[in-house]
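Take a look at the structure set out below.
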Amino acid sequence: MGRLNRDTLIALVLLVFCGVMFSASFEIEVTNYGTMQSSVWPQVVLVVLTVFSLGLLGQSIVKPRTVEASAEAVPGGLGRFRNALIVYALFFLFLLSLDLLGMLLGGIGFVFLALTLLGEPSLKRVPLHLLIAVAMVGIMWSIFTFGLGVLLPDGELLQLN
Amino acid sequence: MLDHILYAFSDVFAVWNLALMTIGVTAGLIAGAIPGFTIAMAIVLTLPFTFGLSPVEGLATMIGVFVGGLSGGLMSGMLTGIPGTPSSIATTFDGFPLARGGKPGFALGLGVWSSFFGGLISAVLLVTLAPSLAVIGLEFGPWDYFSLVLFALTITASLSGENLMKGMIAGALGLFIGTVGEDEVNGVARFTFGIDDLESGFSFLPVLIGLFAFSQLLSDIQDRVKAREPLMDLSGTDGRVRVEHLAAIRTIFSRWTNLVRSSLIGVFTGVLPAAGGSISNILAYDQAKKASKTPEKFGTGIPDGIIAPESSNNATAGGALITMMALGIPGDIVTAVMLGALLIHNVQPSPTFISDNPDLAYAIFIAFFLAHFIMIAMQSVTLKLFLLVTRIPMYVLAAVILAYCAIGVFALNNIVYDIWVLFFFGVAGYILRLLGFPLAPIILGVVLGHVAELNLSRALSIDSDLMLFLSRPWSLFFLVVAAFSIAFPWYQKLRGTQSWTLAYVPALLAGVAVPMFMMEGVVRPIIGVALLAVSAYLLWRSAKAGWKVAPEGDHEVHLEET
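As you go down the protein sequences, you meet chains A and B in turn. If you're matching positions, the first sequence starts at -4 in this note's numbering and goes up one per residue. If you're matching positions, the second sequence starts at 350 in this note's numbering and goes up one per residue.
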């Protein structure tokens, strides 16, 4: 997608977002106390956001070349997001499995799988990745649990608290 | 006062606190030394550890990370040419050539000791200026605070470089994120769409870590090959680097004017809301080059090119702390996080902060002083450790840090919902980053949105007359500065190449002189007269030179928020 199209699309999405939220702002409860209603500030912010979004839309149409892409973007298809998608998927699974595995096992599982999938795909690295995952998450879990007295979530599989 | 200072001394110099500060400085040094791992990120990751600590211990630890991070950034900048943090961008200009030229120890010594002296100058100003600024802050009403926040927001957007419009959109998005959940004024739920969890809104920490740490780490490992490579290639240095302390100190003292000037630039930049070390180091480098008798040698590895950015970026920390403590306005993204930390500890920075919490205020002053001494010691002792950490592949660091993020975020409120918020903003931050949106304005929007709304509401409940925003001197002052800060990116880009830029500074001076005349007392109107006189002189000088400008494109330094 070209820069012109991309920024135009971003601006349009933002404008739709502003419209939906502005509409939602009328659902905010009206109170009979306080000088300024709770909907005033969000509406002011949304108006400002709308104005800037219109500015971006105008800029993307009039001067498309001045809108720079992120320096971090690299060429390629969806494959360029492979690592990011892996991490997001693993983190999502980690969150979904938190009730079952808890923070300790879930954390170890997340780090181990992330290291294995992002690192070099060789069998001899698996024990190393497991060691890193157990040691690093274990240390941090211990610091929070025993040092700072924070009760991290226990899973159904392993209950330590 | 002496009682409070002594009490603060005993607090800060407690063995446990010293240990925490040492850990904080070391963590900051490591974080600063790792490219892509910003100081803000390090502070954010430290924040959960401070929940179980007292405010003094928590703040002292974070100040340690702050000071350590500012100094640690020079490590990678000098050894690899990749600045560890945006605060060390200009350090690479001369630090890298000097290190590559066979003097890595001397280059590191210059950087370390410049950071130290810059920080000390800033600490002295912090102690002397913060109480005075707090007294001025007592004059502020809600109108003035609202305008100050507006100024803070405009300068953030104006520092978004080429992405000005996207920077402003990011700031507005941050403000909007802050409106989700129950509002502080009336306690009414907003934009919850029937989801109970959303009624408490988005906690600051998960948003912060998600936007910054999560998205940054994923950007760092995006490239499949680079993700598996060590952070740094130290083959050129054989991994053996020893800091040359004495030679560095002698050199810095022989160039004391550069040190003092750069430190003052750093403090001034730090005091300005939202203008942090990423700007001050380049400004100081630029000024050092302009003041030098041999400007052509800059960029080849000369000491002045290291002293300027390194002293200024550490001095910025003190300036930012002044604004945070005296006005409750974060001077940069790092102090925004520290402001959040204070709020978590039920401490609200304000003009009365120093008088209401003298023990904590003086403890912060002392901790800031002390952190620089610890930084010097740890920088020398743990150099080898830094070199080891920088050899770890990025994907290992990323996976482990993300697990730490989840644990840390959960500890905030002991609810899993916060980790979901972290995940959501991690995705959003990554997408926004890819689309070219700067993320810092979002964070400042989230932090400042509450302050802005609260003060707007207070102002309107006292008097609904909107003209008060223009008729109150401090409010007008900040609105004038805000207006000029919006135009600043264009001024910066076209300075000296378009005739209107010659009138920018005189117009700014004349503009701020007007509210000065409206203020009470004798001193401020006199300052107003002086500003007008300088403005008239600058205009006269430009007119005398025939409003001559250089051809477009002739810029020495291009500032861009990284």
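C-beta: ideal position from N, C-alpha, C; glycine also.
task = Consider the Cβ of Glu67 (chain A): report whether some Cβ of chain B lies at a distance smaller than 8 Å.
result = The residue you call residue 67 (chain A) lines up with position 72 of the first sequence. Caution is warranted here: a pLDDT of 46 is assigned to Glu67 (chain A), below 50, making its placement in the model unreliable, and no coordinate value can be reported.
key: Opposing strand residues paired with Asp149 (chain A) [DSSP bridges]   = Here residue 149 (chain A) corresponds to residue number 154 of the first sequence, with the count starting at 1. In the DSSP output, where bridge partners are listed per residue, Asp149 (chain A) has A:Gly97.
task = Using a Cβ cut-off of 8 Å (strictly closer), state whether Gly689 (chain B) contacts chain A.
result = Reading the second sequence from its first residue, position 340 is the one you call residue 689 (chain B). Chain A contact via Cβ: absent.
Rounded Cβ spacing between Ile750 (chain B) and Asn78 (chain A) (contact assumed at less than 8 Å) = One-based indexing of the second sequence puts residue 750 (chain B) at position 401. One-based indexing of the first sequence puts residue 78 (chain A) at position 83. About 14 Å; that fails the 8 Å criterion.
Partner residues on chain B for Gly150 (chain A), Cβ-Cβ distance less than 8 Å = Start at 1 with the first residue of the first sequence, and residue 150 (chain A) comes out as number 155. By Cβ distance, chain B contributes nothing, its closest Cβ being about 12 Å from Gly150 (chain A), past 8 Å.
ask   = Is it true that the CB of Ser612 (chain B) sits closer than 8 Å to the CB of Ile764 (chain B)?
value = To locate residue 764 (chain B), count along the second sequence from 1; it is residue 415. To locate residue 612 (chain B), count along the second sequence from 1; it is residue 263. No. Outside cutoff.
DSSP three-state assignment for Val906 (chain B), whether helix, strand or coil = The count along the second sequence starts at 1 and reaches residue 906 (chain B) at position 557. Note that Val906 (chain B) scores 46 on pLDDT, short of 50, meaning its location in the model is unreliable and no value can be drawn from it.
ask   = Under the three-state reduction of DSSP, which class applies to Pro742 (chain B): helix, strand or coil?
value = Within the second sequence, numbered from 1, the residue matching residue 742 (chain B) stands at position 393. Pro742 (chain B) falls in the strand class under three-state DSSP.
message = For Val393 (chain B), which residues in the same chain have their Cβ closer than 8 Å to its Cβ, ignoring the five residues on either side in sequence?
response = For the purposes of this step, residue 393 (chain B) is identified with residue 44 of the second sequence, where counting begins at 1. Once the five neighbours on either side are set aside, the close Cβ partners of Val393 (chain B) are Leu554, Leu557, Ile558, Phe561, Ala562, Val686.
query = By how many angstroms is the C-alpha of Ala808 (chain B) removed from the C-alpha of Leu487 (chain B)?
reply = Working through the second sequence from its first residue, we reach residue 487 (chain B) at position 138. Working through the second sequence from its first residue, we reach residue 808 (chain B) at position 459. Their Cα atoms are separated by approximately 16 Å.
query = Is Ser564 (chain B) helix, strand or coil when you go by DSSP?
reply = As a first step, residue 564 (chain B) is located in the second sequence; it is residue number 215 there, counting from the start. Correct three-state label for Ser564 (chain B): helix.
key: Nearest candidate by alpha-carbon position, reference Thr44 (chain A), set A:Ile5, A:Leu108, A:Thr30, A:Met135   = Stepping through the first sequence from its first residue, residue 44 (chain A) is reached at position 49. Residue 44 (chain A) is actually Leu in this sequence, not Thr. Comparing Cα-Cα distances from Leu44 (chain A) to each of A:Ile5, A:Leu108, A:Thr30, A:Met135, the minimum goes to A:Ile5.
task = Assign Arg890 (chain B) to one of two classes, buried (16 or more other C-beta atoms within 10 Å of its C-beta) or exposed (fewer than that).
result = Taking the second sequence and counting its residues from 1, the one referred to as residue 890 (chain B) is at position 541. When all chains shown are included, Arg890 (chain B) counts as exposed.
message = Contact criterion: CB-CB distance below 8 Å. Does Ile570 (chain B) meet it with respect to chain A?
response = If you number the second sequence from 1, residue 570 (chain B) lands on position 221. Chain A, which has a Cβ nearer than 8 Å to the Cβ of Ile570 (chain B), makes this yes.
ask   = For Leu51 (chain A) and chain B, any beta-carbon pair shorter than 8 Å?
value = The residue labelled residue 51 (chain A) in the question sits at position 56 within the first sequence. Leu51 (chain A) counts as touching chain B.
query = Thr26 (chain A) versus chain B: which residues are under 8 Å apart at the beta carbon?
reply = Against the first sequence, residue 26 (chain A) aligns to sequence position 31. Per Cβ cutoff of 8 Å: Asn535, Val537.
query = Taking the C-alpha atoms as reference points, what is the distance between Ala456 (chain B) and Ile655 (chain B)?
reply = Here residue 456 (chain B) corresponds to residue number 107 of the second sequence, with the count starting at 1. Here residue 655 (chain B) corresponds to residue number 306 of the second sequence, with the count starting at 1. Each residue's alpha carbon lies about 8 Å from the other.
query = Is the Cβ-Cβ distance between Tyr634 (chain B) and Ala439 (chain B) less than 8 Å?
reply = The residue labelled residue 634 (chain B) in the question sits at position 285 within the second sequence. The residue labelled residue 439 (chain B) in the question sits at position 90 within the second sequence. Closer than 8 Å, so yes.
message = Against chain A, with Cβ distances strictly below 8 Å, would Phe773 (chain B) count as a contact?
response = Looking up residue 773 (chain B) in the second sequence gives position 424. No, no contact with chain A.
key: Neighbouring residues, chain A, relative to Asn763 (chain B) (Cβ below 8 Å)   = Here residue 763 (chain B) is taken as the residue at index 414 of the second sequence, counted from 1. Ordered by position in chain A, the residues that pass the 8 Å Cβ test against Asn763 (chain B) are Val145, Leu146.
key: Terminal residues of the alpha helix (DSSP H) in which Leu809 (chain B) lies   = By one-based count along the second sequence, residue 809 (chain B) stands at place 460. Here the alpha helix (DSSP H) through Leu809 (chain B) covers 789 to 811.
key: Within-8 Å CB hit, Asn0 (chain A) to chain B   = Residue 0 (chain A) sits at position 5 when you count from the first residue of the first sequence. Judged by the 8 Å Cβ criterion, Asn0 (chain A) is not in contact with chain B.
request  = Using three-state DSSP, classify Glu115 (chain A) as helix, strand or coil.
outcome  = Locating residue 115 (chain A) in the first sequence gives position 120, where the first residue counts as 1. If DSSP states are grouped into helix, strand and coil, Glu115 (chain A) belongs with coil.
query = Is the CB of Val574 (chain B) under 8 Å away from at least one CB in chain A?
reply = One-based indexing of the second sequence puts residue 574 (chain B) at position 225. Answer no: the Cβ-Cβ gap between Val574 (chain B) and chain A never drops below 8 Å.
task = Find the residues of chain B that neighbour Thr30 (chain A), judging by a C-beta separation of less than 8 Å, and give them in chain order.
result = Numbered from 1 along the first sequence, position 35 holds the residue referred to as residue 30 (chain A). Under the 8 Å cutoff, chain B gives Ser806, Leu809, Ser810, Ser813.
query = Whose C-alpha, out of B:Ala389, B:Val800, B:Leu351, B:Ser463, is nearest the C-alpha of Gln697 (chain B)?
reply = In the second sequence, counting from the first residue as 1, residue 697 (chain B) sits at position 348. For the residues B:Ala389, B:Val800, B:Leu351, B:Ser463, the minimum Cα distance to Gln697 (chain B) belongs to B:Val800.
inquiry  = Classify Asp352 (chain B): buried if its beta carbon has 16 or more other beta carbons within 10 angstroms, exposed otherwise.
reply    = Start at 1 with the first residue of the second sequence, and residue 352 (chain B) comes out as number 3. It is exposed - the Cβ of Asp352 (chain B) has fewer than 16 other Cβ atoms within 10 Å.
request  = Determine the direct distance from the alpha carbon of Ala831 (chain B) to that of Asp2 (chain A), and round the result to whole angstroms.
outcome  = The residue labelled residue 2 (chain A) in the question sits at position 7 within the first sequence. The residue labelled residue 831 (chain B) in the question sits at position 482 within the second sequence. Cα to Cα, Asp2 (chain A) sits roughly 27 Å from Ala831 (chain B).
query = What residues from chain A crowd round Ile518 (chain B), counting only those whose CB sits closer than 8 Å?
reply = If you number the second sequence from 1, residue 518 (chain B) lands on position 169. Ordered by position in chain A, the residues that pass the 8 Å Cβ test against Ile518 (chain B) are Leu9, Leu44, Phe47, Ser48, Leu51.
request  = Compare the C-beta of Thr846 (chain B) with all C-beta atoms of chain A and state if any pair is closer than 8 Å.
outcome  = One-based indexing of the second sequence puts residue 846 (chain B) at position 497. Thr846 (chain B) does not count as touching chain A.
query = How about Gly615 (chain B) and Phe442 (chain B): are their beta carbons less than 8 Å apart?
reply = Translated into positions along the second sequence, residue 615 (chain B) becomes position 266. Translated into positions along the second sequence, residue 442 (chain B) becomes position 93. No, the Cβ-Cβ distance between Gly615 (chain B) and Phe442 (chain B) is not below 8 Å.
Leu297 (chain B) and Trp492 (chain B) closer than 8 Å at C-beta = What is shown of chain B runs 350 to 911, which leaves residue 297 (chain B) out entirely.
request  = Using the Cα positions of Leu112 (chain A) and Ile81 (chain A), report the straight-line distance between them to the nearest angstrom.
outcome  = Start at 1 with the first residue of the first sequence, and residue 112 (chain A) comes out as number 117. Start at 1 with the first residue of the first sequence, and residue 81 (chain A) comes out as number 86. Their Cα atoms are separated by approximately 8 Å.
ask   = In the structure shown, what three-state DSSP assignment does Ser471 (chain B) receive?
value = Position 122 of the second sequence holds residue 471 (chain B). Here Ser471 (chain B) sits in helix by DSSP.
inquiry  = I want to see whether chain B comes within less than 8 Å of Gln54 (chain A), judged by CB atoms only; does it?
reply    = Numbered from 1 along the first sequence, position 59 holds the residue referred to as residue 54 (chain A). Yes, contact with chain B.
query = Given a threshold of 16 other Cβ atoms within 10 Å of its Cβ, counted over all protein chains shown, does Trp896 (chain B) qualify as buried or as exposed?
reply = Numbered from 1 along the second sequence, position 547 holds the residue referred to as residue 896 (chain B). Label assigned to Trp896 (chain B): exposed.
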